[in-house]
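>
Protein chains: 2
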Amino acid sequence: MRKRATAKQVAEAAGVSKWTVIRAFTPGASITEESKRKVLEIAAALNYTPNLLARSLATNSTRQVAVFVDDFANPQKLPFLETLTEQLQAAGLVAMLININNHFDHVNALLHADQRQVDAIILFGTAFRDETLTDLQLGHGMPPMFVLARDSQIDGVPAVVCDAELALRDIVRHLYERGYRRPGFMSGAAALSTALRRRQHYLEFWAQHSIQNISLLSADRYSADAGAASVRAYLASTPAKERVDVLMCENDILALGAMDEIRGNFGLKIPEDIAIVGFDNYELGGSYGYGLTTYEQPREEMVRAVVSMIKGAVEPETVTLPGRLVVRSST
Amino acid sequence: MRKRATAKQVAEAAGVSKWTVIRAFTPGASITEESKRKVLEIAAALNYTPNLLARSLATNSTRQVAVFVDDFANPQKLPFLETLTEQLQAAGLVAMLININNHFDHVNALLHADQRQVDAIILFGTAFRDETLTDLQLGHGMPPMFVLARDSQIDGVPAVVCDAELALRDIVRHLYERGYRRPGFMSGAAALSTALRRRQHYLEFWAQHSIQNISLLSADRYSADAGAASVRAYLASTPAKERVDVLMCENDILALGAMDEIRGNFGLKIPEDIAIVGFDNYELGGSYGYGLTTYEQPREEMVRAVVSMIKGAVEPETVTLPGRLVVRSST
DNA sequence: TTGTAAGCGTTATCAA
DNA sequence: TTGATAACGCTTACAA
Chain V
1 MRKRATAKQV AEAAGVSKWT VIRAFTPGAS ITEESKRKVL EIAAALNYTP
51 NLLARSLATN STRQVAVFVD DFANPQKLPF LETLTEQLQA AGLVAMLINI
101 NNHFDHVNAL LHADQRQVDA IILFGTAFRD ETLTDLQLGH GMPPMFVLAR
151 DSQIDGVPAV VCDAELALRD IVRHLYERGY RRPGFMSGAA ALSTALRRRQ
201 HYLEFWAQHS IQNISLLSAD RYSADAGAAS VRAYLASTPA KERVDVLMCE
251 NDILALGAMD EIRGNFGLKI PEDIAIVGFD NYELGGSYGY GLTTYEQPRE
301 EMVRAVVSMI KGAVEPETVT LPGRLVVRSS T
Chain G
1 MRKRATAKQV AEAAGVSKWT VIRAFTPGAS ITEESKRKVL EIAAALNYTP
51 NLLARSLATN STRQVAVFVD DFANPQKLPF LETLTEQLQA AGLVAMLINI
101 NNHFDHVNAL LHADQRQVDA IILFGTAFRD ETLTDLQLGH GMPPMFVLAR
151 DSQIDGVPAV VCDAELALRD IVRHLYERGY RRPGFMSGAA ALSTALRRRQ
201 HYLEFWAQHS IQNISLLSAD RYSADAGAAS VRAYLASTPA KERVDVLMCE
251 NDILALGAMD EIRGNFGLKI PEDIAIVGFD NYELGGSYGY GLTTYEQPRE
301 EMVRAVVSMI KGAVEPETVT LPGRLVVRSS T
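Protein sequences appear in the order of chains V and G. Read in order, the letters of the first sequence correspond to residues 1 to 331 in full-length UniProt numbering. Read in order, the letters of the second sequence correspond to residues 1 to 331 in full-length UniProt numbering.
1. Is there a Cβ from chain V that is less than 9 Å from the Cβ of residue 86 of chain G?
2. In chain order, which continuous runs of the beta strand (DSSP E) of length 3 or greater are located wholly inside the stretch 112 to 173 of chain V?
3. Going along the chain, which residues of the stretch 88 to 102 of chain G sit with their C-beta nearer than 8 Å to a C-beta in chain V?
4. Given that residue 275 of chain G touches chain V, what residues does it touch there, using C-beta distances under 9 Å?
5. Could you tell me whether the Cβ atoms of residue 31 of chain G and residue 69 of chain G are closer together than 9 Å?
6. Who are residue 215 of chain G's beta bridge partners in DSSP?
7. The beta strand (DSSP E) with residue 178 of chain V in it runs from where to where?
8. Let me know if residue 216 of chain V comes out buried or exposed under the rule of 16 or more other beta-carbons within 10 Å of its beta-carbon.
9. Of all the residues that make up the stretch 286 to 300 of chain G, which are near chain V by a beta-carbon distance shorter than 7 Å?
10. Let's test the definition: count the other Cβ atoms within 10 Å of the Cβ of residue 323 of chain G and tell me whether it reaches 16, buried, or not, exposed.
11. Taking only three categories from DSSP, how would you classify residue 72 of chain G?
12. Step through the CB atoms of chain V and report whether any lies within less than 9 Å of the CB of residue 326 of chain G.
13. Per DSSP, what kind of secondary structure is residue 9 of chain V in: helix, strand or coil?
14. Which first and last residues belong to the alpha helix (DSSP H) in which residue 224 of chain G is found?
15. Could you check the C-alpha separation between residue 103 of chain V and residue 289 of chain V for me, to the nearest Å?
16. Taking Cβ-Cβ distances shorter than 8 Å, what residues in chain V pair up with residue 72 of chain G?
17. So which of G:76, G:187, G:148 and G:67 has the shortest CA-CA distance to residue 112 of chain G?
18. I'd like the span of the beta strand (DSSP E) that includes residue 192 of chain G, first residue to last.
19. Does the Cβ-Cβ distance between residue 291 of chain G and residue 256 of chain G come in under 9 Å?
20. Roughly how many angstroms lie between the CA atoms of residue 105 of chain G and residue 86 of chain V, to the nearest whole one?
21. Report yes or no: do three or more beta-carbon pairs, one from the stretch 114 to 125 of chain V and one from the stretch 138 to 152 of chain V, lie closer than 8 Å?
22. Using CA atoms only, rank isn't needed, just tell me which of G:213, G:261, G:230 and G:266 is closest to residue 242 of chain G.
23. How big is the Cα-Cα spacing for residue 246 of chain G and residue 229 of chain G?
24. In terms of alpha-carbon separation, which member of V:100, V:6 and V:78 lies closest to residue 51 of chain V?
25. Got a sec, what are the start and stop residues for the beta strand (DSSP E) residue 324 of chain G sits in?
26. At a Cβ threshold of 9 Å, is residue 251 of chain V touching chain G?
27. Looking only at C-alpha atoms, which of V:33, V:73 and V:92 sits nearest to residue 308 of chain V?
28. Comparing C-alpha positions only, which one of V:250, V:116 and V:300 sits nearest to residue 276 of chain V?
29. Counting only beta-carbon separations shorter than 9 Å, does residue 104 of chain V have a partner in chain G?
30. Considering just the uninterrupted stretch of the alpha helix (DSSP H) at residue 246 of chain V, what are its terminal residues?
31. Beta-carbon within less than 7 Å of residue 114 of chain V's beta-carbon, same chain only, minus the 5 sequence neighbours each way: which residues are those?
32. For a contact meaning CB atoms closer than 8 Å, what does residue 260 of chain G contact in chain V?
33. Once the 5 residues before and after residue 16 of chain V are set aside, which same chain residues still bring their CB inside 7 Å of it?
34. Quick one: what's residue 259 of chain G bridged to in DSSP?
35. Since residue 114 of chain G meets chain V, which of its residues come closer than 8 Å, beta carbon to beta carbon?
36. By the criterion of Cβ-Cβ separation under 9 Å, what are the contact partners of residue 125 of chain G in chain V?
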């Protein structure tokens, strides 16, 4: 059990009251330079620093934000976590990273975060069951919640997402202008609303060009291997004449796997035989070997939006932000 | 300001003292079934749950662990974070994710974690300046610290690492048995002890086979592009006859970039012209397109070791754990 | 089994 | 500017 100096001890050593000590550590408090200097000096000698835990109890604000994550397979999470922690910390907040993968009970995680008195909860791209939330929301008093990088269909829980409609419009326009006319779409495993929406808009915008006959592939996980397996099955069962001329994959990881398979195993050329589009702008996709055309989510802006709402600088409401089409050699 | 029911309120509503309420929520406390049932019932009605913040203050234990991360570019961090949060949570602990990249002051981060009264601090693969630590350690009273996935050269701060000597011995033995005799090594940017150690052991074990002439390449970042650029410069300036027959890269990301460049830009075959070895067993390296031979760190065991020490189940001391050579088609 | 008193280290508020 | 009182919601130790 390690010991720390408390304000009281510093006060005694400095010959002042403990409130004066507190003031010395409170920016802008009314205290004479003289007292402040003396207190800080003694505090340094005694190795005293304010106890944020006690402060949280007294102020009813922990300045901690729970961040729920359930899918650690998507490498895209990492830059998001970096940006998120960076902006939270810059705002004087700190992230509690809570894993809610299969091993954990979602309701319990929520309750636990609440008991820790976090100032807010961010559902970061999680497949949170909506019923779970509605149940608990009713039980009032929960910390404010936000959904990041995924749609929210829960009343009163705002989401910050990349504008899927705009994204798919840009993508399809690009593909159409490049001359592709036989599109395909590879879905990932999850029936997440965000995922479904990408496909839906893809179909919708092709339909506006009177192209309705779209090949639908599906991968059973979000991994390169699953992407490869999916495209392998497709190519193996589809005569060259009938194949798509462009395949959009729901995210970059699937796309990378598909590219490997198309070039390596089938000896086809990208984009001459089949063009490929991904989603997320995962770093490796931009490397020489791939040159994957993709769409980048406005990470900084999305995070900024959530953090602003948490800080209370902005009214909480669902925000949809435009991303950026990144054209490379795969289309 | 949201309101929560407190133990006192529940006590009044239930007609008992608040300590009885506490007992109802304390497993194994001495309380009659009758009182307990009643209290829990009223508590549920009032939406009461114990305030973990107040508990932490009273018990002097937050059950929070600060996890410092500075390099979010390495996708290997993600599975580690998943395992770490999983095991911490299973032990009743929760991770505070603290970003200490360039934007932040390391000393301050440490001080801040301390002020938050965390039970422990994990330096997860960070390039923490050792002087920083020694300074602060002296100021006693800091939470116990641990270094994960990197060597620690700081007195009293134990590390949990993958056994580099064993790893490189296995790798070099494998390469030697496969018949390779002209090895090369690509280093990443950082002068991290862990990184230097890999190269050192690589040289050492080749030397045991009387092979001393080892080509040293270096990449200026840990990214696929940097790996590609490094190998490009090498190949462009080295006649085919004089080239290495096997190139070990300090991690998988560098290796993947190198592979792309070797095959795509130079039209060489892997492993016939140049064999490649990586380190980390990053998922994409295992996909069909790469088939990268690599070495897998014993993630679960490493995390288990740290968590055991934090729980106090095991004496804190540096632990070196054996990993696993993963042989694929690139060698 | 249950209630009481004291304490954890702060902050808010008011009085001096 | 400074000091004092009460409060934050819980735990520990002890008494009833």
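Just so you know, even glycine gets a beta-carbon here, dropped at the ideal spot from N, CA and C.
By the coordinates alone:
1. yes
2. 120 to 124, 145 to 148 and 159 to 162
3. 89, 90, 94, 95, 96, 97, 98, 99 and 101
4. Those within 9 Å of residue 275 of chain G in chain V number zero; the least Cβ separation is about 17 Å.
5. no
6. G:184
7. Neither: residue 178 of chain V is in no beta strand (DSSP E) and is coded neither H nor E.
8. exposed
9. 287, 288 and 289
10. buried
11. coil
12. no
13. helix
14. 224 to 237
15. 37 Å
16. 78, 79, 81 and 82
17. G:67
18. Note, residue 192 of chain G: premise wrong, no beta strand (DSSP E); not H, not E.
19. no
20. 12 Å
21. yes
22. G:213
23. 17 Å
24. V:6
25. 324 to 326
26. no
27. V:92
28. V:250
29. yes
30. Unbroken run through residue 246 of chain V is the beta strand (DSSP E), 246 to 249; no alpha helix (DSSP H).
31. 142 and 143
32. 287, 288, 289 and 290
33. 35 and 39
34. DSSP lists no partner for residue 259 of chain G.
35. 49
36. Those within 9 Å of residue 125 of chain G in chain V number zero; the least Cβ separation is about 13 Å.
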